[in-house]
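S.K.:
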Amino acid sequence: MAPSRSATARALADDSEVAPGPLDCCDALARTAAETCRQHERLGRLSALGVAKTELGAAHAMVDTIDLALAETVRDFEKVCGKGSGSDSAEVRAAANAMWLAAREYLRRHSIAEKASRQLTQHDADVLGDLHFEYELEASALLGLKQATATFQKLRPESK
97 MAPSRSATAR ALADDSEVAP GPLDCCDALA RTAAETCRQH ERLGRLSALG
147 VAKTELGAAH AMVDTIDLAL AETVRDFEKV CGKGSGSDSA EVRAAANAMW
197 LAAREYLRRH SIAEKASRQL TQHDADVLGD LHFEYELEAS ALLGLKQATA
247 TFQKLRPESK
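Okay, structure coming up:
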């Protein structure tokens with residue numbers, strides 16, 4: 097049986113919900129960033145195992161979906177936390193800002209790498225080397241996001 101989207105759509109369309117506070121946005125960013133890292137690690141494991149195309153395709157779809165969710169939580173963070181401080185604690189504020197910056201850097205690097213792979217028309221060593229370099233930078237940005245998220249979640253374990 098296929099999952100029903102109507103209940104989820106109705107719940108999301110309900111405008112009676114109270115606007116999230118700064119800490120709520122920080123926590124949501126931490127949860128989404130942690131899931132982003134987890135889904136990318138899962139995709140890497142499945143690729144290394146050489147699973148069927150359908151399973152790998154589903155994993156790619158999950159990664160695409162969580163990357164979109166990360167972009168949305170980054171926008172929410174910027175809207176809410178751009179107006180004021182996210183916390184009274186300087187440590188939490190600094191960790192939240194580091195996580196936000198790491199998420200933005202990952203999304204930027206991911207966008208650059210995806211664009212480079214879509215524009216790949218020739219397969220000479222220089223072009224493939226440049227593409228490899230872009231993917232290495234994306235992987236580095238993902239690692240930075242994972243570390244920044246872990247730091248924030250140590251300070252705010254309730255964000256897990």
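Residue numbering for the sequence shown follows my numbering, beginning at 97 and increasing consecutively. Each residue gets a CB set at the ideal place from its N, CA and C atoms; glycine is no exception.
(1) To the nearest angstrom, how far is it from the Cα of W196 to the Cα of R141?
(2) Whole-angstrom Cβ separation of A212 and E230, contact assumed at under 8 Å?
(3) Of all the options H228, A115, L164, which has the alpha carbon lying nearest to the alpha carbon of R200?
(4) Under the rule that 16 or more other beta-carbon atoms within 10 Å means buried, what is T128, buried or exposed?
(5) Output the distance between the C-alpha atoms of R214 and H228, rounded to the nearest integer angstrom.
(6) In three-state terms, what does DSSP make of T217?
(7) Cutting at 8 Å between CB atoms, please list the residues of its own chain near L241, excluding the five before and the five after it.
(8) Could you check if A237 is buried or exposed, using at least 16 other CB atoms within 10 Å of its CB as the buried criterion?
(9) Are the Cβ atoms of V188 and R138 separated by less than 8 Å?
(10) Alpha carbon to alpha carbon, what distance is there between L152 and L145?
(11) Do C122 and D172 have their C-beta atoms closer together than 8 Å?
(12) When you compare the CB positions of Q249 and A167, do they come within less than 8 Å of one another, or not?
(13) To the nearest angstrom, how far is it from the Cα of T217 to the Cα of S255?
(14) H206: buried (16+ other C-beta within 10 angstroms of its C-beta) or exposed?
(15) Let me make sure I understand the geometry here. Which of A192, A124, E234, R204 has the alpha-carbon closest to that of A244?
M.R.: Reading off the structure:
(1) Position 100 of the sequence shown, counting from 1, holds the residue named residue 196. Position 45 of the sequence shown, counting from 1, holds the residue named residue 141. In this model, W196 and R141 are separated by some 26 Å (Cα to Cα).
(2) Here residue 212 corresponds to residue number 116 of the sequence shown, with the count starting at 1. Here residue 230 corresponds to residue number 134 of the sequence shown, with the count starting at 1. Contact between A212 and E230 holds, with the beta-carbon distance rounding to 5 Å and staying under 8 Å.
(3) The residue labelled residue 200 in the question sits at position 104 within the sequence shown. Nearest C-alpha to R200: L164.
(4) Taking the first residue of the sequence shown as position 1, residue 128 is located at position 32. Buried, by the Cβ-count rule.
(5) Here the question's residue 214 lines up with position 118 in the sequence shown. Here the question's residue 228 lines up with position 132 in the sequence shown. Rounded to the nearest angstrom, the two C-alpha atoms are 13 Å apart.
(6) As a first step, residue 217 must be located in the sequence shown, where it is residue number 121. In the structure shown, T217 sits in coil (DSSP, three-state: anything other than H, G, I, E or B).
(7) Counted from its first residue, the sequence shown places residue 241 at position 145. Counting only Cβ-Cβ distances below 8 Å, and skipping sequence neighbours, we find A129, T132, C133, M195, A198, A199, E201, Y202.
(8) In the sequence shown, the residue the question calls residue 237 occupies position 141. With at least 16 other beta carbons inside 10 angstroms of its own, A237 counts as buried.
(9) Residue numbering aside, residue 188 sits at position 92 when the sequence shown is read from its first letter. Residue numbering aside, residue 138 sits at position 42 when the sequence shown is read from its first letter. Between V188 and R138, the C-beta gap is not smaller than 8 Å, which leaves the two residues out of contact.
(10) Translated into positions along the sequence shown, residue 145 becomes position 49. Translated into positions along the sequence shown, residue 152 becomes position 56. L145 and L152 have their C-alpha atoms spaced approximately 10 Å apart.
(11) Position 26 of the sequence shown, counted from the start, is the residue given in the question as residue 122. Position 76 of the sequence shown, counted from the start, is the residue given in the question as residue 172. Contact: no.
(12) Stepping through the sequence shown from its first residue, residue 249 is reached at position 153. Stepping through the sequence shown from its first residue, residue 167 is reached at position 71. Pairing Q249 with A167 gives a Cβ-Cβ distance that is not under 8 Å.
(13) In the sequence shown, the residue the question calls residue 217 occupies position 121. In the sequence shown, the residue the question calls residue 255 occupies position 159. Annotation: T217 to S255 spans about 44 Å, alpha carbon to alpha carbon.
(14) Translated into the one-based positions of the sequence shown, residue 206 becomes position 110. With 16 or more other Cβ atoms within 10 Å, it is buried.
(15) Taking the sequence shown and counting its residues from 1, the one referred to as residue 244 is at position 148. Closest option to A244, Cα to Cα, is A192.
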